[in-house]
Ligand code: 5AD
Ligand code: SF4
């Protein structure tokens, strides 16, 4: 008889992909099926994020609630980035937790469920980090890891401690995974890595050579594959060759996430980001020039310890110049084992909160200016979800969420649409 797995995923696309892999291993090798009901589950897994303090502090209260709700025989596992940095301390604080698997160790899931107290948080390189079972593609999109870990040392970031140093996955394995995926319904891939455009810098085998641009070219030769997305590129590695490939390769979707973090060159230096304000603005301008309908999203941290009012004004200046299509804003959160944690802060919490509000308000004003301009335009959309009986939702190549009415089932279709109405976060359209 099959057992039931309840899994909750916090954090980024990388964690979502890890959860998909955990599900694949447990359903194909251990006869689990997934459930949304914690009370029925035989195994409960929290796949954690530790990039900011909030989700970490919530973990223990959440575990307490789960422990009260669960069946007496159910196991609890904590995986992901918080598992990496707290390790066995999680079991010390919450002894009812059965196992702990760090972000780079989730491939050990089929071992962990048989050993009470199993803890593995090793971040050294290990081939098994990407040797996973495949669930069998069940939708039109698939996430594909192209590298794991991070080779940077941004002073605010805990990720190199939780996911380890960067290793690129051999190109043949990536091409093979995509070729298999497109044999079922998959038409779009999302290539994942901490800094995707640093792909090829380090392979486990020194004889393997490939750059990110070469990888993109080879992936785009797979005939049945229609669309390629990737997240996230690092501004530092965004050279002209990369921008040219982005602009001219028809299969690459024209929506790009370029994490700014700060608009001040001085703060960028304190963050050890490796680029200046001018470089960032120039890269965005080059992308817009090469692909006018492209959309750019970004990450911004406000309240970094050394951020003065003038530094923050530089961030506002970049937002005004680039007019991002989406901004993920964060208030700086000190993280263990990072350089910035020991920098004395000149930013009171109230000031950081007010800066966050200013970023949000400015971005909203930009969206209110931009979204109406889409009405009447044509876009190409992959439909992937049915919202109501005759309402279908999809994404345009440049990343807009689009809703259309259709009496026919259009799931999986890539169709041209004309925009008829706008909202702040999505557009309505008619199929042409
Ligand atoms: N505090 C706030 N935001 C952070 N990020 C990473 N570390 C921190 C931190 N210590 C943000 C960055 C990154 C995104 C994934 O999370 O903007 O791009
Ligand atoms: Fe963290 Fe910087 Fe690496 Fe991104 S590039 S994961 S922000 S250290």
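In this note's numbering, the protein residues as written are 4 to 435.
No residue lacks a Cβ here, since even glycine has one placed at the ideal position from N, Cα and C.
- Per the coordinates, the alpha-carbon of residue 265 lies some 6 Å from the alpha-carbon of residue 318.
- Taking C-beta atoms as the reference points, residue 335 and residue 310 count as a pair closer than 9 Å.
- Assigned with DSSP and collapsed to three states, residue 348 falls in coil, not helix or strand.
- In this structure, 307 is the residue among 164, 307 and 185 with its C-alpha nearest to the C-alpha of residue 343.
- One alpha carbon belongs to residue 421, the other to residue 151, and they sit about 39 Å apart.
- The three-state reading of DSSP puts residue 179 in helix, counting H, G and I together.
- In the three-state reduction of the DSSP assignment, residue 369 falls in the helix class.
- Between the C-alpha atoms of residue 110 and residue 378 there is a straight-line separation of about 47 Å.
- If you check the C-beta of residue 327 against the ligand 5AD, you find no heavy atom less than 8 Å away.
- Taking C-alpha positions only, residue 196 is separated from residue 376 by approximately 33 Å.
- Between the beta-carbon of residue 101 and that of residue 65 there is about 16 Å, and that puts the pair past the 8 Å contact cut.
- Within the chosen limit of 8 Å, the ligand 5AD does not reach the beta carbon of residue 153 with any heavy atom.
- In this structure, the straight-line span from the alpha carbon of residue 123 to that of residue 250 is close to 43 Å.
- Here residue 433 is bridged, per DSSP, to 421.
- Residue state for residue 151 is assigned as strand, using DSSP reduced to three classes.
- The beta carbon of residue 178 sits closer than 8 Å to those of 221, 222 and 225, all from its chain and outside the five residues before and after it, given in chain order.
- CA-to-CA, the gap between residue 331 and residue 400 works out to about 20 Å.
- When only Cα atoms are considered, residue 6 and residue 96 end up about 27 Å apart.
- A distance below 9 Å separates the beta carbons of residue 425 and residue 374.
- By the Cβ neighbour-count rule, residue 199 is buried, with 16 or more other Cβ atoms within 10 Å of its own.
- For residue 285, the enclosing alpha helix (DSSP H) has its first and last residue at 280-293.
- Residue burial annotation: residue 104 is buried, with at least 16 other C-beta atoms found within 10 angstroms of its C-beta.
- Look at residue 198 here: in three-state DSSP terms it is coil, with no helix or strand label.
- Where residue 7 is concerned, the enclosing beta strand (DSSP E) starts and stops at 6-12.
- Counting of Cβ neighbours within 10 angstroms places residue 36 among the exposed residues, the total staying below 16.
- For residue 121, the beta-bridge partners assigned by DSSP are 102.
- Within the same chain, and ignoring the five residues on either side of residue 300 in sequence, the residues whose Cβ sits closer than 8 Å to its Cβ are 258, 259, 260, 261, 327, 328, 329, 330, 331 and 402.
- The secondary-structure analysis by DSSP pairs residue 385 across a beta bridge with 398 and 417.
- Just so you know, the alpha carbons of residue 339 and residue 418 end up roughly 48 Å apart.
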